[in-house]
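First the structure, in the form of structure tokens, and then the observations on it.
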Amino acid sequence: MTTAALPDQPESLSNHPRNLGTPLDAAMFEGRAVNRSAAERRAATLTTRRSVKKTYQAAWLVNAIRCIDLTTLAGDDTEGRVQRLCAKARQPLAPRIVEGLGLSEMGLTTGAVCVYPTMVPHAVKALRGTGIPVASVATGFPAGLMPLHLRLEEIRWTVDQGADEIDIVITREHVLKRDWAALYDEVAAMREACGKAHLKAILATGDIATLRNVYAASMVAMQAGADFIKTSTGKEGVNATLPVSLTMVRALRDYGDATGHRVGFKPAGGMKSAKDSLAWQYLMKEELGNDWLQPDLFRLGASSMLGDIERQLEHHVTGRYAAAHRHSLA
Amino acid sequence: MNTITDILATMDYGTAPEDSAIVRDWLKKHETGFGHFVDGAFTAPGELFEVRAPASGELLASVTQGSEDDVDTAVRAARAAQPGWASLSGHERAKYLYAIARHVQQHARFLAVLESLDNGKPIRESRDADVPLVARHFYHHAGWAEIMEDELPGTAPHGVCGQIIPWNFPLLMLAWKVAPALAAGNTVVLKPAEYTPLTALAFAEIAAEVGLPKGVLNIVTGDGRTGAAIVAHEGLDKIAFTGSTEVGRRIRRETAGTGKSLTLELGGKSPFVVFADADLDAAVEGVVDAIWFNAGQVCCAGARVLVAESVAKRFEDLLEKRMRQLRVGDPLDKNTDMGAIVHPMQLERIKGLIEKGVSEGAELVQGTAPEGCFFPPTIAMKVEPASTLATEEIFGPVATVTTFRTPEDAVALANNTRYGLAASIWSENVNLCLDIAAQVKAGVVWINCTNVFDAGAGFGGYRESGFGREGGREGMMAYLAHPKPKARKPEAAPSAPVGQPGEALPGAGARIDRTAKFYIGGKQARPDSGYSYAVSGPNGPVGLAGLGNRKDIRNAVEAAHKAKGWGKATGHNRAQVLYYLAENLSARAGEFAERLTSFGASKTAAQAEVETAIRRTFWYAAQADKFDGAVHQTKSAHVTLAMHEPLGVMGIACPTAQPLLGFVSLVLPAIAMGNAVIALPSQTHPLAATDLYQVFDTSDLPGGVVNIVAGERDALAKTLAEHDDVAGIWYFGTKDGGRMIEKASAGNLKQSWVEDGAARDWLSKDGQGRGFLHRATQIKNIWVPYGE
Numbered sequence: 001m002t003t004a005a006l007p008d009q010p011e012s013l014s015n016h017p018r019n020l021g022t023p024l025d026a027a028m029f030e031g032r033a034v035n036r037s038a039a040e041r042r043a044a045t046l047t048t049r050r051s052v053k054k055t056y057q058a059a060w061l062v063n064a065i066r067c068i069d070l071t072t073l074a075g076d077d078t079e080g081r082v083q084r085l086c087a088k089a090r091q092p093l094a095p096r097i098v099e100g101l102g103l104s105e106m107g108l109t110t111g112a113v114c115v116y117p118t119m120v121p122h123a124v125k126a127l128r129g130t131g132i133p134v135a136s137v138a139t140g141f142p143a144g145l146m147p148l149h150l151r152l153e154e155i156r157w158t159v160d161q162g163a164d165e166i167d168i169v170i171t172r173e174h175v176l177k178r179d180w181a182a183l184y185d186e187v188a189a190m191r192e193a194c195g196k197a198h199l200k201a202i203l204a205t206g207d208i209a210t211l212r213n214v215y216a217a218s219m220v221a222m223q224a225g226a227d228f229i230k231t232s233t234g235k236e237g238v239n240a241t242l243p244v245s246l247t248m249v250r251a252l253r254d255y256g257d258a259t260g261h262r263v264g265f266k267p268a269g270g271m272k273s274a275k276d277s278l279a280w281q282y283l284m285k286e287e288l289g290n291d292w293l294q295p296d297l298f299r300l301g302a303s304s305m306l307g308d309i310e311r312q313l314e315h316h317v318t319g320r321y322a323a324a325h326r327h328s329l330a
Numbered sequence: 001m002n003t004i005t006d007i008l009a010t011m012d013y014g015t016a017p018e019d020s021a022i023v024r025d026w027l028k029k030h031e032t033g034f035g036h037f038v039d040g041a042f043t044a045p046g047e048l049f050e051v052r053a054p055a056s057g058e059l060l061a062s063v064t065q066g067s068e069d070d071v072d073t074a075v076r077a078a079r080a081a082q083p084g085w086a087s088l089s090g091h092e093r094a095k096y097l098y099a100i101a102r103h104v105q106q107h108a109r110f111l112a113v114l115e116s117l118d119n120g121k122p123i124r125e126s127r128d129a130d131v132p133l134v135a136r137h138f139y140h141h142a143g144w145a146e147i148m149e150d151e152l153p154g155t156a157p158h159g160v161c162g163q164i165i166p167w168n169f170p171l172l173m174l175a176w177k178v179a180p181a182l183a184a185g186n187t188v189v190l191k192p193a194e195y196t197p198l199t200a201l202a203f204a205e206i207a208a209e210v211g212l213p214k215g216v217l218n219i220v221t222g223d224g225r226t227g228a229a230i231v232a233h234e235g236l237d238k239i240a241f242t243g244s245t246e247v248g249r250r251i252r253r254e255t256a257g258t259g260k261s262l263t264l265e266l267g268g269k270s271p272f273v274v275f276a277d278a279d280l281d282a283a284v285e286g287v288v289d290a291i292w293f294n295a296g297q298v299c300c301a302g303a304r305v306l307v308a309e310s311v312a313k314r315f316e317d318l319l320e321k322r323m324r325q326l327r328v329g330d331p332l333d334k335n336t337d338m339g340a341i342v343h344p345m346q347l348e349r350i351k352g353l354i355e356k357g358v359s360e361g362a363e364l365v366q367g368t369a370p371e372g373c374f375f376p377p378t379i380a381m382k383v384e385p386a387s388t389l390a391t392e393e394i395f396g397p398v399a400t401v402t403t404f405r406t407p408e409d410a411v412a413l414a415n416n417t418r419y420g421l422a423a424s425i426w427s428e429n430v431n432l433c434l435d436i437a438a439q440v441k442a443g444v445v446w447i448n449c450t451n452v453f454d455a456g457a458g459f460g461g462y463r464e465s466g467f468g469r470e471g472g473r474e475g476m477m478a479y480l481a482h483p484k485p486k487a488r489k490p491e492a493a494p495s496a497p498v499g500q501p502g503e504a505l506p507g508a509g510a511r512i513d514r515t516a517k518f519y520i521g522g523k524q525a526r527p528d529s530g531y532s533y534a535v536s537g538p539n540g541p542v543g544l545a546g547l548g549n550r551k552d553i554r555n556a557v558e559a560a561h562k563a564k565g566w567g568k569a570t571g572h573n574r575a576q577v578l579y580y581l582a583e584n585l586s587a588r589a590g591e592f593a594e595r596l597t598s599f600g601a602s603k604t605a606a607q608a609e610v611e612t613a614i615r616r617t618f619w620y621a622a623q624a625d626k627f628d629g630a631v632h633q634t635k636s637a638h639v640t641l642a643m644h645e646p647l648g649v650m651g652i653a654c655p656t657a658q659p660l661l662g663f664v665s666l667v668l669p670a671i672a673m674g675n676a677v678i679a680l681p682s683q684t685h686p687l688a689a690t691d692l693y694q695v696f697d698t699s700d701l702p703g704g705v706v707n708i709v710a711g712e713r714d715a716l717a718k719t720l721a722e723h724d725d726v727a728g729i730w731y732f733g734t735k736d737g738g739r740m741i742e743k744a745s746a747g748n749l750k751q752s753w754v755e756d757g758a759a760r761d762w763l764s765k766d767g768q769g770r771g772f773l774h775r776a777t778q779i780k781n782i783w784v785p786y787g788e
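Chains as they are written, first to last, in UniProt numbering: chain C, 1 to 330; chain X, 1 to 788.
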């Protein structure tokens with residue numbers, strides 16, 4: 001199975017060529033050691049070795065906003081709820097804060113909004129003209145245990161509705177049974193189904209559990225042509241953690257070293273605070289460099305994080321601690 | 001221009017300075033100069049020297065240069081306080097140590113900022129490593145004070161301890177010294193390093209704050225001269241030193257024969273071994289923690305990176321990339337990975353060594369560092385084992401990289417050093433890790449981690465990295481003495497053996513002549529000298545013994561090194577041999593008793609000596625598979641194994657009295673623990689011991705495990721003490737001989753145990769015990785983190 005001749009991405013989404021994938025190459029991950037204790041130690045020092053203060057902190061929080069996939073993935077989502085979310089994505093900070101930060105000219109928005117497939121038309125409508133991409137989960141999210149043809153059909157339908165990015169879930173069974181060929185074929189087929197839309201492969205790292213599995217699954221997903229690898233659906237017992245993220249970005253780095261392709265990273269789930277947004281940005285900068293602090297290679301899958309960032313930025317502007325009820329709901 | 005927009009373009013971190021205003025106020029309060037802390041109060045400042053911040057060169061404080069008189073006053077205060085302190089209940093002492101731990105936490109940021117200013121280490125380290133470990137050390141030792149009576153029975157504090165600490169972890173080293181000393185009931189005179197005395201002085205204020213009884217803790221500041229005055233002071237019972245091997249060696253020589261107990265925590269050149277199946281990213285981060293932690297100014301720094309040739313290229317690439325991410329600069333910036341070098345003198349030393357290394361062919365890869373007292377993180381490639389950078393302790397942020405081919409190769413390179421402090425081993429194969437951990441000569445072994453510390457585990461070295469442990473149960477033993485038996489009448493120096501033919505021997509002509517030879521490598525050996533000397537009985541000579549010389553010792557040491565299998569055998573295997581030995585000794589009990597009576601022992605005494613020797617052999621056979629180590633409770637998701645390991649090759653000089661039992665009582669514990677021994681039997685009556693080799697031969701004792709060389713004890717023992725390939729020496733003889741042994745042992749800093757040969761009645765309970773086994777072993781702490 002090859003992934004050649006994949007269609008190009010829409011220009012607005014990225015500053016670099018898409019990942020073309022490679023044939024499945026188990027030598028790139030089998031036997032690759034990932035030492036859990038060491039990963040935990042490194043993850044723990046990321047936030048103790050680096051700190052941003054004052055204007056730098058404000059700038060880094062603004063950058064986090066640019067990278068947020070503002071998300072709602074709930075059973076009670078409605079058109080109204082999605083409209084509200086999109087309004088917040090268009091204007092993530094109260095105008096007085098934007099002004100205080102001197103960013104009135106910037107046109108600050110979140111990186112994308114992320115919704116369920118049936119909510120995509122509402123989001124597309126609400127974001128028309130803003131340039132903010134609409135991302136949708138698909139493939140029987142979150143468990144993904146639907147027949148493959150239905151999952152592929154779901155992708156095609158969602159792209160048809162106007163989604164620019166598709167967050168797919170992998171079949172965890174393939175990882176747990178080490179059936180790498182099945183995993184590769186599945187993701188490659190999904191990538192094909194995505195067409196111009198970008199594919200983010202959710203590895204559900206809480207389910208596949210070991211860091212060795214995380215590394216291997218990351219590598220297979222990238223070989224199959226994923227544009228992004230993403231930690232979690234937000235529905236597993238354990239969502240994005242720094243040790244898991246460290247393992248994934250190292251896989252991403254190794255894949256890039258071997259193939260020259262750049263793949264993005266999206267931690268998702270469980271990240272709620274402005275402080276979390278800084279921790280993950282330190283990780284990206286330390287392990288991969290500044291390019292991976294841009295929304296075309298880095299997204300934060302979060303919903304409540306933006307509220308905390310807004311409060312911190314208001315404090316930066318006014319010197320007073322802020323109250324959430326003075327900011328608009330997402 | 002908008003700053004936020006600018007920052008968004010570069011995504012720089014900026015600076016995150018730690019506020020030092022409160023500490024600077026404190027320094028200002030003391031700007032007229034610090035005195036010593038003696039007898040619960042600060043003395044008036046005396047002759048002052050300057051203490052500067054290495055990062056900026058600014059003057060921080062003026063501190064008093066301690067004189068001999070100052071040291072004497074402090075020792076007197078400590079002496080006066082000691083009985084009262086020791087007589088407090090463990091619970092009372094525990095309350096003080098607990099209070100110190102609490103107050104260290106309450107002043108945590110103050111201490112961290114002061115430490116970073118004074119030493120130049122990043123605030124991240126002083127805040128996240130040094131100060132929390134200080135608090136942990138006092139908590140842990142508050143516990144030891146509380147339970148000491150139950151857990152460490154039969155021990156007593158040494159008395160007054162003189163403690164000299166280095167500048168790399170000023171407050172932490174103070175904690176490592178002071179906490180166990182005080183917990184055990186000792187009082188202390190401590191000298192901090194002259195570069196970094198300030199946190200010790202702040203700590204003195206904390207001691208006063210918690211109401212520590214006066215005189216229990218005394219702090220005298222000053223340079224090496226003050227340290228020398230402490231070492232030389234006759235009123236001290238114990239010296240504990242952490243610092244360079246060179247100074248440690250001098251202290252060993254100067255304290256020889258004084259009866260002062262001594263522990264030394266010295267230099268290192270620790271290997272950092274990366275196998276092909278390791279998580280290379282993890283190992284790279286390990287190097288960061290190993291050699292760029294505290295700018296490599298760490299005695300246990302993993303300075304010699306040994307990497308499997310098959311992954312060397314990838315590893316070096318990753319390492320270089322990681323190194324370039326390190327930020328070197330202002331210690332008080334929270335974004336600083338590596339701060340200043342402690343002092344311009346140390347910086348010059350590092351530069352000098354690096355120049356030498358480059359001239360010898362090393363290739364450097366370096367990060368960047370600001371102007372001033374900073375040195376960039378450095379990787380030195382193409383460093384061969386013979387080069388300066390591979391052998392000398394640099395004490396700076398310099399890792400050398402050398403490749404290896406096989407595990408055997410890795411072990412050979414790892415152990416190719418005078419030192420033996422620590423080692424770090426990286427592989428995902430637990431079999432391989434533990435195999436290498438067992439083979440590497442180091443007191444601390446970190447598997448898939450490095451520079452992990454906890455008060456609950458022992459820290460200390462093998463070889464020229466010193467002796468004694470700090471932390472855990474083994475660390476407490478360094479501040480406690482087992483009661484020492486005292487001789488009613490000290491052993492008299494035996495008269496020099498005379499290598500000439502002389503008077504008729506008993507039974508000469510009547511029975512077949514019997515020659516007592518030496519026993520080397522499992523074979524009987526004639527003395528190299530070709531001389532024999534007469535062994536006297538009550539009424540003239542009773543036989544001849546060979547007159548040993550240096551070459552016999554040399555041969556015996558070589559033979560002992562060949563008996564490698566003995567230390568690796570199971571305790572059960574060794575026990576079997578020892579039981580068998582007792583069995584064979586028992587079968588020949590009459591013969592041995594007869595030999596002893598020929599030396600003048602009464603029949604009853606001779607029988608008792610033989611019987612006790614047999615029983616003692618059983619006792620050590622029983623201990624061979626029971627003298628267990630421990631699993632320390634340290635950090636979560638870590639197993640910390642404290643393993644007893646034999647010293648290796650030991651010299652044992654036996655007392656003159658009780659020639660069979662003295663020999664058995666000393667040699668058996670040593671070999672039960674897996675050591676190979678060169679034993680010098682009673683000079684006056686060596687034949688009781690040389691008779692034993694036939695018992696050894698019939699008991700399956702492998703050749704080389706016990707070697708016997710007779711002759712002039714002190715001359716032979718001196719050769720053993722000076723021998724660089726002997727790891728420990730026990731000497732039971734005269735006071736002068738003991739001093740000579742301690743002095744001579746300084747060469748390779750071998751562990752020595754010296755006692756008056758007449759102090760113990762070997763028939764009594766003093767003649768055996770766990771104390772002998774402790775002396776015959778050293779503790780290796782192996783850290784194994786776990787989790788998948």
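Glycine residues also receive a C-beta, built at the ideal position from the N, C-alpha and C atoms. Only a predicted model underlies this, so the values are computations on that prediction, with no experimental measurement involved.
Close to residue 337 (chain X), with beta-carbon spacing below 8 Å, are these residues of chain C in chain order: 49. Residue 50 (chain X) sits in a strand when the DSSP states are folded into three classes. One finds 8 and 11 in chain X with Cβ atoms closer than 8 Å to the Cβ of residue 63 (chain C), taken in chain order. By the Cβ criterion, the segment 343-358 of chain X is in contact with the segment 382-393 of chain X, since at least three pairs of Cβ atoms, one from each stretch, lie closer than 8 Å. For residue 634 (chain X), there are no neighbours in chain C by C-beta distance under 7 Å, as the nearest C-beta there is about 13 Å away. Identification of residues in the segment 269-296 of chain C having a C-beta nearer than 7 Å to some C-beta of chain X yields 285, 286, 290 and 293, given in sequence order.
Selection X:545, X:494 and X:744 evaluated against residue 514 (chain X) yields X:545 as nearest (Cα-Cα). Looking at the DSSP output, residue 100 (chain X) sits in no beta bridge, so it has no partner there. For residue 210 (chain C), the chain X residues whose C-beta falls within less than 9 Å of its own C-beta are 788, listed in chain order. Inter-segment contact for the segment 259-279 of chain X and the segment 409-427 of chain X is present: three or more beta-carbon pairs are separated by less than 8 Å. With respect to chain C, the C-beta atom of residue 429 (chain X) has no partner C-beta closer than 7 Å. Residue pairing by DSSP places residue 271 (chain X) opposite X:304 in a beta bridge.
Legend: CB atoms of the segment 650-664 of chain X lying less than 9 Å from CB atoms of chain C are not found in any residue. Scanning the segment 531-588 of chain X from its first residue to its last, the whole alpha helix (DSSP H) runs of 4-plus residues come out as 550-562, 564-568 and 571-587.
With respect to chain X, the C-beta atom of residue 176 (chain C) has no partner C-beta closer than 7 Å. Fewer than three pairs of CB atoms, one per stretch, sit closer than 8 Å, so the segment 213-222 of chain X makes no contact with the segment 126-136 of chain X. Residue X:299 holds the alpha-carbon nearest to the alpha-carbon of residue 396 (chain X) among X:556, X:455 and X:299. One thing to note: residue 559 (chain X) has its Cβ no nearer than 7 Å to the Cβ of residue 649 (chain X). Distance between residue 522 (chain X) and residue 690 (chain X), taken at the CA atoms: about 12 Å. In this structure, the straight-line span from the alpha carbon of residue 408 (chain X) to that of residue 27 (chain C) is close to 28 Å.
Membership of residue 381 (chain X) in the beta strand (DSSP E) is indicated by the continuous run 378-381. Using a C-beta cut-off of 8 Å, the segment 398-414 of chain X makes contact with the segment 303-321 of chain X, since at least three inter-stretch Cβ pairs fall below that distance.
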